[in-house]
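Per our numbering: the sequence shown = residues 0 to 279.
We treat Cβ as the ideally placed atom computed from N, Cα and C, and that holds for glycine.
Quick notes on the structure that follows.
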Amino acid sequence: MNLILKKRQLTPEIAWFEVEAPRIARRWKPGQFIIIRPNQDSERIPLTIVDGDPGRGSIVMVVQAVGKTTRITVAKEEGEYLADVVGPLGEAASIEKAGHVLCVGGGVGVAELLPVARAFRQAGNFVTAMCGARTASLRILDEELRQAADEVIWATDDGTAGFHGNVVQCMAAWRAQQNAPPATVHVIGPIPMMRAAADLTRQWGVPTFASLNPIMIDGTGMCGGCRITVGGKVRFACVEGPEFDAHQVDFDELIRRTNAYRAQERLVLEQHECKLKLVN
Ligand code: FAD
Ligand code: FES
Ligand code: MG
């Protein structure tokens, strides 16, 4: 059981949690993730470790309610418990001194980007964080990003803040204003956005890393749920990733596999909401 020490509602759908997890807080590295069960009868879901404080013995996770298990998690309050938290899992992000690093995040991927952007800056890089949201009020962690990166650029789909358009269109417009391309790009977010970003940086000739989000069940390389193909080779994102060379990822397969259980996921969510209505 892991105690929720603090909760902040970042948007109606996205919540920030500080959770007691002393052993994970001592060992985690940017890019790694945890697998949690909010309740004992819940399925397991992977979440990025957004921050960790060995002194407080706590880690931070940011969760977007998209289905049953994330909704149950987002509904938790301070003083309540998660049934279990396992981690740190996966390989750390590859952080090196490259020069100018462009960190691109979309949606809740902005939270996942934060520790990576901070680590690149601590390694001596100039870091541009470029983030996308549907509208100004759905921007998350702006203050934290401004502390972590050298500059922060927002793109909103409706143009209510920053660049008017999606984050990949923003990348293209930004590059047109730069004298030289960035040394490396790191991208985290919805799969279509990562694929479009990778297509663009392939044209730029810039090495690009994507933090992938396939379906994960055990997180230890045993179940095969997170199987992906990178450069024609089978890889397991939970133990060999989640970060991979974005130019080599088979995104079509990734989309197919993450959509494989959509019908069941919709049904489970409908049943969950139906039970909530009965309770209320
Ligand atoms: P469901 O209705 O069950 O599923 C909705 C969609 O989420 C599915 O169609 C599928 O694409 C995806 N999904 C479902 N089950 C899983 C699963 N076991 N593993 C991965 N994806 C799944 N989300 C955040 O909000 N914050 C994070 O920091 C974050 N970090 C992640 C890090 C990694 C390494 C991975 C792989 C995923 C991460 N996710 C994160 C996504 C999160 O795990 C899914 O949104 C969550 O599992 C959905 O569960 P659900 O039951 O609420 O939704
Ligand atoms: Fe089971 Fe990766 S989640 S092999
Ligand atoms: Mg689910």
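For residue i, three-class secondary structure by DSSP
i: W27; result: coil
i: R261; result: helix
i: L81; result: strand
i: C273; result: helix
i: L2; result: strand
i: E19; result: strand
i: L268; result: helix
i: G131; result: strand
i: G104; result: strand
i: A14; result: strand
Beta-carbon proximity of residue i to residue j, cut-off 8 Å
i: T10; j: L137; result: yes
i: I3; j: E111; result: no
i: D157; j: R133; result: yes
i: G86; j: Q176; result: no
i: G188; j: G105; result: yes
i: P21; j: A91; result: no
i: Q39; j: A82; result: yes
i: I216; j: E252; result: no
i: V248; j: A209; result: yes
i: I139; j: I190; result: no
i: W153; j: G161; result: yes
i: V103; j: V151; result: no
i: E17; j: V65; result: no
i: A197; j: T207; result: yes
i: I94; j: F119; result: yes
i: M192; j: A245; result: no
i: V84; j: I35; result: yes
i: P181; j: V238; result: no
i: V229; j: F250; result: no
i: T155; j: A135; result: yes
i: G280; j: K96; result: Because the chain in this structure spans residues 0 to 279, residue 280 falls outside the shown range and cannot be described.
Residue from the options with nearest C-alpha to residue i
i: P45; options: A132, G56 and V61; result: V61
i: L88; options: A24, Q247 and M0; result: A24
i: S57; options: G98, A64, A116 and K5; result: K5
i: V115; options: R36, Q263, V186 and A14; result: V186
i: R26; options: F250, G54 and C237; result: G54
i: A148; options: E269, M129 and G204; result: M129
i: D50; options: A196, A97, C222 and L144; result: L144
i: L268; options: I35, I34, A14 and S41; result: S41
i: Q8; options: M0, R70 and D52; result: R70
i: M221; options: N212, G231 and A236; result: A236
i: V107; options: Q63, R117 and E142; result: Q63
i: N178; options: W203, N212 and T155; result: W203
i: E264; options: T68, K96 and I34; result: T68
i: M0; options: L211, E79 and Y260; result: E79
i: R256; options: G224, K276, Q270 and C273; result: G224
i: T219; options: I33, N258, Q270 and E142; result: I33
i: D52; options: R43, C273 and E19; result: E19
i: T200; options: R117, C169 and L211; result: C169
> Enumerated in chain order, which unbroken segments of the alpha helix (DSSP H) with a length of 4 residues or greater are wholly contained in the stretch 134 to 192?
Replying inline: 141 to 147 and 166 to 176
> So which residues touch the region around the ligand MG, with touch meaning a C-beta under 5 Å from any heavy atom?
Replying inline: G66 and T68
> Which residue spans inside the stretch 183 to 245 form an unbroken alpha helix (DSSP H) run of at least 4?
Replying inline: 190 to 203 and 236 to 239
> For the stretch 28 to 99, which segments carrying the alpha helix (DSSP H) assignment without a break, of at least 4 residues, lie completely within its bounds, in sequence order?
Replying inline: 67 to 73
>> Considering only heavy atoms of the ligand FES and the C-beta of each residue, which residues fall inside 6 Å, strictly closer?
In response: M215, I216, D217, G218, G220, M221, C222, G223, G224, C225, F235 and C237
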